[in-house]
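Scroll down for the structure; my scribbles are underneath it.
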Amino acid sequence: MEKVVCTGCSLLCDDILIKNSETSFDEIIGACLKGKERFESAFSERRLLEPYVRIGGQLKKVSYKEALEKAIELLKESSKPLLYGFSTTNCETQKNSIKLAKKLNGFIDSNSSICQGKVLNKAAKKGITLTSITEVINKADFILFWGFNAAESIPRLLNKILFSRGKFRMTGREIKTFSIIDPVKTASFNVMGPRDLPLRINPDSDLELLRTLKQECCINENIPSKGVAGLDQDELKR
Numbered sequence: 561m562e563k564v565v566c567t568g569c570s571l572l573c574d575d576i577l578i579k580n581s582e583t584s585f586d587e588i589i590g591a592c593l594k595g596k597e598r599f600e601s602a603f604s605e606r607r608l609l610e611p612y613v614r615i616g617g618q619l620k621k622v623s624y625k626e627a628l629e630k631a632i633e634l635l636k637e638s639s640k641p642l643l644y645g646f647s648t649t650n651c652e653t654q655k656n657s658i659k660l661a662k663k664l665n666g667f668i669d670s671n672s673s674i675c676q677g678k679v680l681n682k683a684a685k686k687g688i689t690l691t692s693i694t695e696v697i698n699k700a701d702f703i704l705f706w707g708f709n710a711a712e713s714i715p716r717l718l719n720k721i722l723f724s725r726g727k728f729r730m731t732g733r734e735i736k737t738f739s740i741i742d743p744v745k746t747a748s749f750n751v752m753g754p755r756d757l758p759l760r761i762n763p764d765s766d767l768e769l770l771r772t773l774k775q776e777c778c779i780n781e782n783i784p785s786k787g788v789a790g791l792d793q794d795e796l797k798r
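What follows is the structure in structure tokens.
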């Protein structure tokens, strides 16, 4: 068995064990369904097993040496290359990609710059404390997912942060409160327990709810009697 990193999603689980032959994976231990699908795609009939280079407007099959020489040529001829992606690659790949971008005097970016990355950058500039999955596993007692369906997008995240005990506690799930705010009842709602707080809000009312929670509930300590965003007064109090 070989221990590998799964690149099926951005969680990049590093506790996966695989046993493979030349034509398939004989055994995959620890991966979710999404991860298994990722590994099995390595032997997909649609996978490109050899490099191609566009020559005269047509894709031609070439050797790896020729493909690398062409890639080097393109990078050397570029003045400001952009290296993009890397969201589902391992840390070693990302580290070397950053080194390459610096050497080329180019840019490096990922899809996080058009989604979660914007929030993280603004949070850092405002001085909001950021955390890591390790900190959440070891210390968190209240977990809120807002518009995020972890059960289907990052399947093992709930197992890691909600059901695990961490290093400093003898208990796990039983002392953690889990809340979801979402206009859609997603698969993540299925893990809610008696002490948890599922909140289904009206579509496109996220900003309204955020402003109310910030101004009325946290500053003025006033719970609107009519509710807000499809939530009644009792739900807001909780």
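Each residue of the sequence shown is one higher than the last, beginning at 561 in the numbering used here.
No residue lacks a Cβ here, since even glycine has one placed at the ideal position from N, Cα and C.
Between which residues of its own chain and residue i is the CB-CB distance below 8 Å, once the five residues before and five after are set aside?
i: T731; result: R725
i: I735; result: D701, R729
i: S785; result: Q793
i: S670; result: Y644, G645, F646, S647, G677
In chain order, what residues of the same chain have a beta carbon less than 6 Å from the beta carbon of residue i, not counting five sequence neighbours either side?
i: M561; result: L577, K579
i: S667; result: A small correction: the amino acid at residue 667 is Phe; Ser does not occupy that position in the sequence shown. Correct list, in chain order: L642.
i: A710; result: L717, L718, S748
i: L796; result: I783
i: F705; result: I740
Spell out the partners DSSP gives residue i in its beta bridges.
i: S785; result: Paired residue(s): none; S785 is not in a bridge.
i: R760; result: D742
i: Q654; result: Note: Q654 sits in no beta bridge, so no partner.
i: L643; result: I668
i: N580; result: F585
i: I703; result: F738
To the nearest angstrom, how far is the alpha carbon of residue i from that of residue j?
i: S716; j: G687; result: Here the sequence assigns Arg to residue 716, which means Ser is not the residue at that position. C-alpha separation (whole angstroms): 30 Å.
i: R614; j: K620; result: 6 Å
i: E695; j: K636; result: 42 Å
i: S657; j: D794; result: 51 Å
i: N762; j: K625; result: 56 Å
i: K659; j: I714; result: 29 Å
i: G595; j: L690; result: 27 Å
i: K663; j: S639; result: 12 Å
Let's test the definition: count the other Cβ atoms within 10 Å of the Cβ of residue i and tell me whether it reaches 16, buried, or not, exposed.
i: S748; result: buried
i: F599; result: buried
i: C592; result: buried
i: L628; result: exposed
i: F723; result: exposed
i: T772; result: buried
Skipping 5 residues on each side, what residues in its chain have a beta carbon closer than 7 Å to that of residue i?
i: D574; result: V565
i: S672; result: S647
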